[in-house]
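**Q** The opening position of the sequence shown corresponds to residue -18 in the working numbering, with each subsequent residue numbered one higher. My structure is below; once you've seen it, I'll send some questions.
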Amino acid sequence: MTRDELCEIYRGYIDCLNRQDWSQLGLFVDNAVEYNGTPLGLTGYRGMLEGDFRAIPDLRFRIELLVSDPPRIASRLHFDCTPRGMLFDLPVNGKRIKFAENVFYEFSAGRVQRVWSIIDKAAIAQQI
């Protein structure tokens, strides 16, 4: 798979998330996906994402930086949103916040197999 092909798949994955098209998630995510070293499987991964959208009704994933080195993608995602209640153990309580996530993905057969994510919690804490 080329860098451009992998980037195209990744953009499709991000679009799938933003549309909350959970029936199509399996086209982009492996059945045995791992998140930060924890095996979640597709069902667990979908549940995690659905929880994110419940906690943050206006959640949108926006790609700020994207680097492809097949079979891996590195991405910096930008968020501008208004989470309900607690977010990452911080009392956001409906306040509009902006933060970033630095995330690495490893693909197998065109689908996300492993995800390593670091969220800029310090940026959130500074805004509340």
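Glycine residues also receive a C-beta, built at the ideal position from the N, C-alpha and C atoms.
Please return the same chain residues whose Cβ sits closer than 8 Å to the Cβ of CYS(-3), not counting the five positions on each side in sequence.
**A** Here residue -3 refers to the residue found at position 16 when the sequence shown is read from its first residue. So the list reads GLN5, LEU6, LEU8 and PHE9, once near-sequence residues are dropped.
**Q** How would you call ILE54, buried or exposed, if buried means at least 16 neighbouring beta carbons within 10 angstroms?
**A** Against the sequence shown, residue 54 aligns to sequence position 73. Classification of ILE54: buried, given that the 10 Å Cβ count is 16 or more.
**Q** Output the boundary residues of the beta strand (DSSP E) element that contains ASP11.
**A** Position 30 of the sequence shown, counted from the first residue, corresponds to residue 11. Per DSSP, ASP11 belongs to the beta strand (DSSP E) from 10 to 16.
**Q** Can you grab the Cα-Cα spacing for the pair TYR86 / ASN74, in whole Å?
**A** The residue given as residue 86 occupies position 105 in the sequence shown. The residue given as residue 74 occupies position 93 in the sequence shown. Rounded to whole angstroms, TYR86 to ASN74 spans 30 Å at the Cα level.
**Q** On the criterion of 16 or more Cβ atoms from any shown chain inside 10 Å, does VAL96 qualify as buried, or is it exposed?
**A** Stepping through the sequence shown from its first residue, residue 96 is reached at position 115. Burial call: buried.
**Q** In the DSSP assignment, what residue or residues form a beta bridge with TRP97?
**A** By one-based count along the sequence shown, residue 97 stands at place 116. DSSP lists PHE85 as partners of TRP97.
**Q** Between ILE(-5) and ILE44, is the Cβ-Cβ spacing less than 8 Å?
**A** The residue labelled residue -5 in the question sits at position 14 within the sequence shown. The residue labelled residue 44 in the question sits at position 63 within the sequence shown. The answer is yes: Cβ separation under 8 Å.
**Q** Quick one: residues in its chain with C-beta nearer than 6 Å to the C-beta of TYR16, no 5 flanking neighbours on either side, listed in chain order?
**A** Residue numbering aside, residue 16 sits at position 35 when the sequence shown is read from its first letter. Excluding residues within five positions, the ones whose Cβ falls inside 6 Å are VAL96.
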